[in-house]
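Protein chains in written order, with numbering that gives the first Met the number 0: chain Y, 0 to 376; chain W, 0 to 376; chain C, 0 to 376; chain U, 0 to 376.
There are 4 protein chains.
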Amino acid sequence: MDNSIKTSKKFPIPKTMKAWVLGNPNEIKLSQKDVLLPSKSEVLIRIDAVAICATDLDVISHGPPAMIKGGSPFNKNFTPGHEYMGTIVALGPSVDEFEIGDRVTVEIHAGCGQCKRCRMGMYTSCHNYGLNYGNKDKGHRANGFTSDGGFKQYAINHVNTLIKVPDDMTDEEATLVVTAGTTMYGLTELGGLVSGESVVVIGPGPIGLLGVAIAKSLGASPVILVGTRNNRLEIGKKLGADFVLNVNEENNIINSVKSLVGEIGVDYVIECAGTEQALNEAILMCNRGAKICLAAFPHKKIKVNIPHLVINNIYMYGIRGEGKSATHRAMAFMKEKRFDAKLIHTHTFKLNDLPKALKYARERIDGSIKIVIKPWE
Amino acid sequence: MDNSIKTSKKFPIPKTMKAWVLGNPNEIKLSQKDVLLPSKSEVLIRIDAVAICATDLDVISHGPPAMIKGGSPFNKNFTPGHEYMGTIVALGPSVDEFEIGDRVTVEIHAGCGQCKRCRMGMYTSCHNYGLNYGNKDKGHRANGFTSDGGFKQYAINHVNTLIKVPDDMTDEEATLVVTAGTTMYGLTELGGLVSGESVVVIGPGPIGLLGVAIAKSLGASPVILVGTRNNRLEIGKKLGADFVLNVNEENNIINSVKSLVGEIGVDYVIECAGTEQALNEAILMCNRGAKICLAAFPHKKIKVNIPHLVINNIYMYGIRGEGKSATHRAMAFMKEKRFDAKLIHTHTFKLNDLPKALKYARERIDGSIKIVIKPWE
Amino acid sequence: MDNSIKTSKKFPIPKTMKAWVLGNPNEIKLSQKDVLLPSKSEVLIRIDAVAICATDLDVISHGPPAMIKGGSPFNKNFTPGHEYMGTIVALGPSVDEFEIGDRVTVEIHAGCGQCKRCRMGMYTSCHNYGLNYGNKDKGHRANGFTSDGGFKQYAINHVNTLIKVPDDMTDEEATLVVTAGTTMYGLTELGGLVSGESVVVIGPGPIGLLGVAIAKSLGASPVILVGTRNNRLEIGKKLGADFVLNVNEENNIINSVKSLVGEIGVDYVIECAGTEQALNEAILMCNRGAKICLAAFPHKKIKVNIPHLVINNIYMYGIRGEGKSATHRAMAFMKEKRFDAKLIHTHTFKLNDLPKALKYARERIDGSIKIVIKPWE
Amino acid sequence: MDNSIKTSKKFPIPKTMKAWVLGNPNEIKLSQKDVLLPSKSEVLIRIDAVAICATDLDVISHGPPAMIKGGSPFNKNFTPGHEYMGTIVALGPSVDEFEIGDRVTVEIHAGCGQCKRCRMGMYTSCHNYGLNYGNKDKGHRANGFTSDGGFKQYAINHVNTLIKVPDDMTDEEATLVVTAGTTMYGLTELGGLVSGESVVVIGPGPIGLLGVAIAKSLGASPVILVGTRNNRLEIGKKLGADFVLNVNEENNIINSVKSLVGEIGVDYVIECAGTEQALNEAILMCNRGAKICLAAFPHKKIKVNIPHLVINNIYMYGIRGEGKSATHRAMAFMKEKRFDAKLIHTHTFKLNDLPKALKYARERIDGSIKIVIKPWE
């Protein structure tokens, strides 16, 4: 076996890089880290853009979930950030699917490849999730969660996590592919065949808005977006929503949905709000045999209308991440310009300004939806 | 088209029959009804045995759900009862799948055959559910729920609801096929391939006990039954449970399950208890990517651990009835004597004694599990 | 039950209509037929447009297949034609899904709704196929094949066969929905998730050309069309083919495909040529685990490379018609103008000119692809 | 990461071992090979039993297929044999799913884990099949085909290929699990839900006989075995066939099958004969919408009734190996003693007698079906 790593003079690799690390809760510090080299089936990526996800804010406040189990997750030199893209600058041994210079965007999860879930393509539900600390490395990686993330200048990724970026797609748009991949995974698990089916998306955050776009691309009709802020609902229309409903302006959101899809109710709901009210409304607007994708969740137990769910044979799917190669399917539509994901990109910051960018994201300053960091500007 | 109805001298059909009808809430009255003749694609069945289901008790207390929508469901000459079997005594026009004299057991639901769910085989989620009152008959029937049921001597059934009973199966056992069909439908919808997978069944009522038997027949391993009554858990063992756990005797049922299936958790849970505690325990004993079949439900909203469900990519299926021809698959195993469903049959009563039988069922007198009525004894 | 039929003064229904009937082989005669009224779950359609399919030519030469079994299919007053659309002018009892005046296009098959295939949504594989002659009417209809077809002015259709036509879609385009539905059904059966997957379509007839459009709409990439006539390949490009290959201009079509999709081979092939050469080329251009949709077929046994198929774990699907509600999914894309199906519509004739139209279709006169008859012009 | 390999004094590992190697075509030579140590995610197995498969005879005559592409496959020190089981004697780094001393049987294929097929669980269709020669090791292994096989005393296997053997299962029976896994994989790919469905198995070789057993275990009914040798048909009955048909004793095998399952035809055929006649009979005995599993294949192109296949919407699956963890599902039934796989084990030989054993297998001497080699006796 050839164990050599391939690099190129065109992309010289520095010894160290800028990297933000998690200090105490809600504290991030700009630091220096060594640039490591890729192992078998891995590549080294120069990060050209990284988007901020609401989950990053959670990780910075509470620590990465898997690390919490192993004691305090703070002050461990951990770099958050998981929605990144960049340019391949080194190939580990055996990699020939990609070349140096390829632009790629990443899926978060590299599964262990050995557990029953990975063997089904459900690598975001890897049974060795987080088991990459200490001396039992099962190969699972969720960069930004269980392994070092993307608020830095270089990252190592397994080839399984890479999606090629076409030349005419900007760095900023490429960071959004994994967001679109989440609802694509959800709709895959719900059955995948939504053309001509009615779909309600609740919650016009980034996942909900691109959920509208993905559902529409797959042929869903009508696609109805439910939210509270009219500016976001307007973006939803541009991304493919046939109808938008502002819950604050409707007497009864369930009746409003039924007036659009028929008294029998809707076929699919993609629930991206994560509240007790939203989930129960989702259940009540469903028709018999309908399916609900839970792409968001509350932080504690909530009261759920289980009787209505069972009596009406409704299925509910807790969707975590973007498995079953769904991100590749999302890219297939974005490559064809079926929708303009850039509509949800509102702000760009330099790497040094990450704290300010996080503040914009947390407080939704200036109507921010998706904020992108450019580590090399 | 030949519109003639076939009958046989061997099975003379009387003009009238004994039939129990629902009076006021919790009141049933023995009455007489006309024996009707079958239309196209229907047969007339002489009911030889009918089992009592917990849902029958609900119907007798609250009225059949679909009728409730149309005003008071009481004193409408409605006959409850849905788990029946018998002998075909008349064939409606076009029926040649069956012959007079055939012993058959029935599925509850005949779908309309026209809505999107029926066209997918999900006829228990028919979008014309209950639409057989008044002048818009869409063809849906759920005998004992939306149309006349089986606590009487004859019934008319659509051929789609019939399953042939082998000669060596008793009438009493044949009434249990639809109960077994419910978990078969559930496991079908959860993916169907459970051989070698771990399955926990919570709640050793009739559906849970036959759920153990069906899971084991399909090759699930281990099958773990969780309940509170040791006599029922013992029956569960005979029906195929590899392990039984009495929640009252375990410190922590989740840990007890994990000690049997591994720390990662179980692959499938069939939840037949319908309580807040049971559902949340089901969620916590699941592994990442696991699936929960909800075959029972509480009567009001309950607090549910949605965060754990979503973070662990767990899917939850509200299962209503026995669609996708699952009852035929259940019968395939029962015909082969893979398990002895008769173990859950505890009592037999005559038709005239239905009130007493219902009391036994409601109060679980004398350890009753499944009670069967024999209309001709 | 209300058995009344609804009609409207706006659409008066004549007693008789013009209808072409099959005489001797290859002979059709213009005749008069009674206009019948719809039964339960049926509607009467005024046929506004009917397209000619290659299968119609077969039926006119050899007789409708199901009738052949019952003796000579000729001179039986049978009207061929199955790709029609029109306006609903009468509603049978119980129909409320549609209104008089609705424009609809039709699926060919109404299944019996009782056999195991119909209960799975596979109504084009109905086990009572053709059993609507004589006194055993099981309800199956395939208008133009087993029951009276559409080369006439009115037709009766079961509601299950109807798809609403949007106002801005022309009659001519609406006749093409069922053609698009065939490949949609094929891709549904092959798994349905083709976004980002490579697809080769062999044979740019109407099914192949709309197969390109459907595959592209579902996100397939690249879509490669293989044929022999450059004018049709050019239409394929407009319908979404990323690449077109003229087999007469390529040294080795398998190598040409591999140069576009990679040495490993293609993910899906939709085979619409129906020749021995095309099928074996399809097999050889597949990658391991690929799938082939057979949407055409030769008239006799052919030599097939079964060893290559098995060794490479290739699956091959004989696709007949347009089951599993696929036509609705095709319409969902056509309604959204994802592709311009009208590109394959080349000629229009009056009903009286049907013989000439058939000649154009058979001899491909004047570059004809899809020829439409307008019964009321 | 801990890179240490675990061994145990209880299972001392010699430096070298006996190993048969392929010389010229049809020539095998007893040789010595080094005993290698396992890498990450691998174990070292002491081979306790290895069965002879018909494919081994092909490999010994023609060379392993993947090697053929790289030049002559002969005299390369290659050891054939792939149906082995044994005892784990060393654990590679990171392995904690197994312990030293565990008895395991093996799947043949370890996929690369990176290609699109592996990511779907279809690792027997790995797109990096055979790419483990030279300096581009993608991780794919098919021991006995693309990497060193089991006609020796020790083997290295990836953990993904291992299935634990219960204590009460003999070594000989454990070698048969992978054979049962082949039809389990086939039935998985055909849909998996065969309870109550009719299944014909053609060809009572080892795969066909265990195919009968697997189909019956899954609840298929009736299961019909078709063959030419009555002694094997008798074994088929013991393994679960409801009916056996000797093609030499039937006038028309298609009619004979239909007399058992009904005129409409059979739901599933598992074709294990690999002849032109058998495949075409399989097609003709199918009902509309039926499915055929091709578990055997001829060595050249054959004439196939494609028209009948397409017109009747029949699907045909080329099945190679035992993917989607099907072997685990097969073991689940064997562990429960649902059938006695040992019935097909007819002869046992010592490792030194491999040439004689191969002769028995090739010439079917003494009614041999499955021959097992015991490397340590």
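Heads up, the beta-carbon is just placed ideally off N, CA and C, and yes, glycines get one too.
Checklist line | Segment contact, 8 Å Cβ cut-off, at least three pairs: the stretch 188 to 197 of chain C with the stretch 7 to 17 of chain U | finding: no
Notebook entry, point to check: Thinking C-alpha only, which one of Glu-196/U, Ala-331/U, Leu-224/U and Lys-302/U is nearest Val-265/U?
Noted result: Glu-196/U
Margin query: Can you list, in chain order, the residues of its chain with a C-beta nearer than 7 Å to that of His-157/W? Leave out the 5 residues immediately preceding and following it.
Written below: Ser-40, Glu-41, Ala-109 and Arg-140
Notebook entry, point to check: Per DSSP, which one or two residues make a beta bridge with Glu-259/Y?
Noted result: The question names Glu, but residue 259/Y in the sequence shown is Leu. The partner list for Leu-259/Y (beta bridge, DSSP) is empty, contrary to what the question assumes.
Next item on the list: With 7 Å as the threshold, decide whether the Cβ of Met-119/W is near any Cβ in chain C.
Entry: yes
Next item on the list: Give the C-beta separation of Ile-234/C and Leu-208/C to the nearest angstrom, bearing in mind that I take them to be a contact with Cβ-Cβ under 8 Å.
Entry: 6 Å
Margin query: So that I know if they touch, is there some Cβ in chain Y lying closer than 7 Å to that of Gly-62/U?
Written below: no
Item checked: Within chain C, partners of Ser-146/U - CB distance below 8 Å -> The premise fails here: Ser-146/U is roughly 17 Å from chain C at the closest Cβ pair, so nothing lies under 8 Å.
Margin query: Quick check: Thr-182/Y and Ile-269/Y, are their CB atoms within less than 7 Å of each other?
Written below: yes
Notebook entry, point to check: Can you tell which of Ser-93/W, Lys-349/W and Lys-163/W has the C-alpha that lies nearest to the C-alpha of Ile-372/W?
Noted result: Lys-349/W
Note to self: Can you check whether the C-beta of Asn-2/U is within less than 7 Å of a C-beta belonging to chain Y?
What the structure shows: no
Check: In its own chain, which residues sit with a C-beta less than 6 Å from the C-beta of Pro-72/U, not counting the 5 before and 5 after it?
Finding: Gly-62, Pro-63 and Met-66
Next item on the list: Compare the beta carbon distance of Glu-321/U and Val-177/U with 7 Å and say whether it is the shorter of the two.
Entry: yes
Item checked: Spatially closest choice to Gly-202/W from Ala-295/W, Tyr-267/W and Ala-173/W, by CA coordinates -> Ala-295/W
Next item on the list: State yes or no: is the C-beta of Ala-48/W within less than 7 Å of the C-beta of Met-84/W?
Entry: yes
Next item on the list: Taking C-beta pairs closer than 8 Å, name the residues in chain U that Arg-328/W reaches, listed in chain order.
Entry: Leu-192, Ser-194, Gly-195 and Gly-218
Note to self: As a quick exercise: from Gly-80/W, Ile-4/W and Gln-113/W, pick the residue whose alpha carbon is nearest that of Leu-353/W.
What the structure shows: Gly-80/W
Check: To which residues of the same chain is Val-58/Y closer than 6 Å at the C-beta, ignoring the five residues directly before and after it?
Finding: Pro-79
Margin query: Between Asn-351/U, Ile-368/U and Gly-210/U, which has its C-alpha nearest Ile-27/U's C-alpha?
Written below: Asn-351/U
Check: Is any beta-carbon of chain Y found at less than 7 Å from that of Lys-302/W?
Finding: yes
Notebook entry, point to check: Helix, strand or coil: how does DSSP classify Met-333/Y here?
Noted result: helix
Margin query: Using CA atoms only, rank isn't needed, just tell me which of Val-88/Y, Asp-339/Y, Leu-43/Y and Val-303/Y is closest to Ser-216/Y.
Written below: Asp-339/Y
Item checked: Which listed residue (Cys-285/U, Lys-115/U and Ile-252/U) has its alpha carbon closest to that of Ile-263/U -> Cys-285/U
Next item on the list: Just the chain Y side, please: which residues come within less than 8 Å of Pro-92/W by C-beta, in chain order?
Entry: Ordered by position in chain Y, no residue passes the 8 Å Cβ test against Pro-92/W, which lies about 30 Å from the chain.
Note to self: Is it the case that the stretch 121 to 129 of chain W contacts the stretch 167 to 174 of chain W, given that we only count it when at least three CB pairs across the two stretches are under 8 Å?
What the structure shows: no
Next item on the list: Leaving aside the five residues before and after Lys-395/Y along the sequence, list all residues of the same chain whose C-beta is less than 8 Å from its C-beta, in chain order.
Entry: No answer is possible for residue 395/Y: the residues shown for chain Y start at 0 and end at 376.
Checklist line | Partner residues on chain C for Met-66/U, Cβ-Cβ distance less than 7 Å | finding: What Met-66/U touches in chain C: nothing, since even the nearest Cβ is about 15 Å away.
Margin query: Spatial neighbours of Thr-274/Y within its chain, please: C-beta separation below 7 Å, excluding the five flanking residues on both sides.
Written below: Pro-297
Next item on the list: Quick one: list the residues of chain Y neighbouring Lys-137/U, beta-carbon separation under 8 Å, in chain order.
Entry: Ser-93
Item checked: Within chain W, partners of Lys-334/U - CB distance below 8 Å -> Ser-220
Check: Going along chain W in order, which residues have a C-beta closer than 9 Å to the C-beta of Thr-187/U?
Finding: Leu-192
Check: Quick one: does Ala-331/C have its CB under 7 Å from some CB of chain Y?
Finding: yes
Margin query: Does the stretch 308 to 316 of chain U come into contact with the stretch 278 to 292 of chain U, if we say contact requires no fewer than three beta-carbon pairs (one atom in each stretch) closer than 8 Å?
Written below: yes
Checklist line | Inter-residue Cα distance where the pair is Ile-223/U and Val-211/U | finding: 8 Å
Check: Excluding sequence positions up to five away, which residues of its chain have a Cβ less than 7 Å from the Cβ of Lys-5/Y?
Finding: Ala-89, Leu-90 and Ile-99
Check: How many Å lie between Thr-54/Y and Asn-247/C at the Cα?
Finding: 56 Å
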